[in-house]
Amino acid sequence: MTLPDEVLDCRGQRCPLPVIAVARRLPELPVGTVVRVLADDPAAAVDIPAWCRMRGQEFLGTVTGPDGPAYDVRRRH
Numbered sequence: 020m021t022l023p024d025e026v027l028d029c030r031g032q033r034c035p036l037p038v039i040a041v042a043r044r045l046p047e048l049p050v051g052t053v054v055r056v057l058a059d060d061p062a063a064a065v066d067i068p069a070w071c072r073m074r075g076q077e078f079l080g081t082v083t084g085p086d087g088p089a090y091d092v093r094r095r096h
């Protein structure tokens with residue numbers, strides 16, 4: 020399991036807001052940074068991996084913990 024360098028708490032936000040949050044934050048971070056997006060909207064399970072594919076970022080997977088579902092994304096470029 021990869022530990023995140025940063026966590027974006029998007030719980031309570033409806034899609035596309037979690038995707039917008041990661042899209043805005045990722046360019047501000049160094050290449051290779053792992054961001055964990057906490058998002059409880061079920062659409063995030065589809066939208067975040069799809070955004071990664073479209074934008075050439077690496078979707079590392081889904082983590083379910085005490086804070087609910089989370090999605091790990093690594094900045095590729």
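Using our numbering, the first residue of the sequence shown is number 20, and each one after it goes up by one.
Think of the CB as a built atom: it goes at the ideal place given N, C-alpha and C, for glycine as much as any other residue.
Where residue i falls, given that 16 or more other Cβ within 10 Å makes a residue buried
{"i": "Arg-94", "result": "buried"}
{"i": "Ile-39", "result": "exposed"}
{"i": "Val-65", "result": "exposed"}
Backbone CA spacing between residue i and residue j [nearest angstrom]
{"i": "Trp-70", "j": "Asp-60", "result": "15 Å"}
{"i": "Gly-51", "j": "Glu-77", "result": "9 Å"}
{"i": "His-96", "j": "Pro-85", "result": "31 Å"}
{"i": "Ala-63", "j": "Pro-37", "result": "7 Å"}
{"i": "Ala-141", "j": "Ala-89", "result": "Nothing in the structure corresponds to residue 141, since the chain is present only between 20 and 96."}
{"i": "Ala-42", "j": "Thr-81", "result": "18 Å"}
{"i": "Cys-29", "j": "Gly-87", "result": "11 Å"}
DSSP bridge partner residues for residue i (one or two, in chain order)
{"i": "Leu-57", "result": "Asp-28, Ala-89"}
{"i": "Gly-80", "result": "Asp-91"}
Any non-hydrogen atom of the ligand ADP closer than 7 Å to residue i Cβ
{"i": "Gln-32", "result": "In the structure shown, the ligand ADP is absent, as is every other ligand, since no ligand is present at all."}
Contact with chain B by residue i, beta-carbon distance below 8 Å
{"i": "Gln-76", "result": "Here there is only one protein chain, and chain B is not present."}
Distance between beta carbons of residue j and residue i, contact taken as under 8 Å
{"i": "Val-26", "j": "Arg-55", "result": "5 Å"}
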